[in-house]
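Residue numbers (full-length UniProt numbering): 640 to 957.
Even for Gly, the Cβ is constructed at its ideal location relative to N, Cα and C.
Given the structure is predicted, the values throughout are model-derived calculations rather than measurements.
Have a look at the structure below, then the notes.
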Ligand code: PEP
Ligand code: MG
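What follows is the structure, encoded as structure tokens:
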């Protein structure tokens, strides 16, 4: 099976009956973009830009960032890049950006909350992405957004840059979206969908915050299963709200490469699956195993269950 998947990795990602679902790569380093393309990636669905900030003793300057982002954009050769702005704090400390001692770092200064405390860092990152993304499809994504106020605060900076940088010097095929990884943002997806360009569901954090289980907990993390009906309902709300406004939805957490979850996510209406590069041929092959109608039935079956074990048992029996 793995050999067959590898042989067909460059075929368009779609279900057996031809329903398109983009399959993109999660990258932790721009140097890996070329490898992702060789594995059949149709784009990068999540560039975790933390690596770039962690590799330096202070926040990298504009030209350093432009060079880095260009490396991925060049390798992608016209395929879209979804770059996430710096997502540190919580479980990902950054030595030169100290956060006061917190009792609950996962509920503290992290993601967009932290970024907005030093807006000049976010501004430089936006500027670098916009300039590097000239002539290619660029999607910029904000992490850990909990409601529209955080999105608007970041968008104000982004809009100012769009007006300051001449269109000939920056990306013009550009979208600004948010990650859905805090339950409040899924619950409030209709208000966000009216203003964002897209959503990408981060099922790792969304599961952690929905089930109140630390994603890295030594004993409990196995129970942090994204195929939990509570998480699936939040994804359903997100997709329905986005599609009602003509916006697209990706999933970039681990759930996107779970063979059992793929038809469920497609059945919920997810438009893009972003997975580790290694998984791309397998996820594309998995899509070709079912029809959209099967996927919709799997999604309904999963939503009707009471626990993640019930979801897995019901899908297995089907
Ligand atoms: C997620 O939370 O699902 C996600 C993709 O982001 P990260 O794993 O980098 O927190
Ligand atoms: Mg996350």
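Out of curiosity, what's the CA-to-CA distance linking residue i and residue j?
| i | j | result |
| --- | --- | --- |
| residue 937 | residue 667 | 32 Å |
| residue 777 | residue 910 | 17 Å |
| residue 726 | residue 818 | 11 Å |
| residue 935 | residue 942 | 11 Å |
| residue 752 | residue 684 | 22 Å |
| residue 681 | residue 940 | 30 Å |
| residue 769 | residue 700 | 14 Å |
| residue 954 | residue 946 | 12 Å |
| residue 892 | residue 914 | 7 Å |
| residue 860 | residue 897 | 16 Å |
| residue 737 | residue 793 | 21 Å |
| residue 948 | residue 816 | 32 Å |
| residue 920 | residue 912 | 12 Å |
| residue 729 | residue 887 | 28 Å |
| residue 651 | residue 658 | 10 Å |
| residue 775 | residue 811 | 8 Å |
| residue 813 | residue 642 | 36 Å |
| residue 733 | residue 694 | 10 Å |
| residue 779 | residue 785 | 17 Å |
| residue 757 | residue 741 | 19 Å |
| residue 944 | residue 906 | 15 Å |
| residue 933 | residue 809 | 43 Å |
| residue 857 | residue 806 | 49 Å |
For a test of the three-state rule: what should DSSP assign to residue i, helix, strand or coil?
| i | result |
| --- | --- |
| residue 757 | coil |
| residue 932 | helix |
| residue 690 | helix |
| residue 745 | helix |
| residue 731 | strand |
| residue 736 | coil |
| residue 790 | helix |
| residue 913 | strand |
| residue 896 | helix |
| residue 827 | coil |
| residue 852 | coil |
| residue 764 | helix |
| residue 819 | strand |
| residue 783 | coil |
| residue 594 | Lying outside 640 to 957, the shown extent of the chain, residue 594 is not represented and no answer is given. |
| residue 950 | helix |
| residue 666 | strand |
| residue 807 | helix |
| residue 720 | strand |
| residue 697 | coil |
Thinking C-alpha only, which one of the options is nearest residue i?
| i | options | result |
| --- | --- | --- |
| residue 715 | 943, 741, 686 | 686 |
| residue 783 | 757, 801, 802, 750 | 750 |
| residue 708 | 747, 748, 765, 662 | 765 |
| residue 872 | 898, 899, 855, 904 | 904 |
| residue 731 | 844, 953, 660 | 844 |
| residue 847 | 664, 828, 918, 821 | 821 |
| residue 773 | 740, 706, 755 | 706 |
| residue 653 | 862, 931, 952, 957 | 931 |
| residue 674 | 828, 957, 918, 944 | 918 |
If the criterion is Cβ atoms closer than 8 Å, does the pair residue i and residue j meet it?
| i | j | result |
| --- | --- | --- |
| residue 825 | residue 884 | no |
| residue 712 | residue 771 | yes |
| residue 679 | residue 718 | no |
| residue 890 | residue 840 | yes |
| residue 870 | residue 849 | yes |
| residue 724 | residue 781 | yes |
| residue 704 | residue 670 | no |
| residue 655 | residue 929 | yes |
| residue 823 | residue 787 | no |
| residue 894 | residue 865 | yes |
| residue 698 | residue 692 | yes |
| residue 676 | residue 922 | no |
| residue 790 | residue 835 | yes |
| residue 696 | residue 735 | yes |
| residue 916 | residue 644 | no |
| residue 862 | residue 852 | yes |
| residue 908 | residue 882 | yes |
| residue 951 | residue 876 | no |
| residue 926 | residue 660 | yes |
Following a CB-centred definition, is residue i positioned closer than 7 Å to any heavy atom of ligand 4?
| i | result |
| --- | --- |
| residue 855 | No copy of ligand 4 occurs in the structure displayed; its ligands are ligand 1 and ligand 2 alone. |
Q. Would you call the segment 796-803 and the segment 753-766 touching, i.e. three or more CB-CB distances under 8 Å?
A. Yes, they touch.
Q) If you pair each beta-carbon of the segment 802-822 with each one of the segment 733-749, do three or more pairs fall below 8 Å? A) Segments in contact, no.
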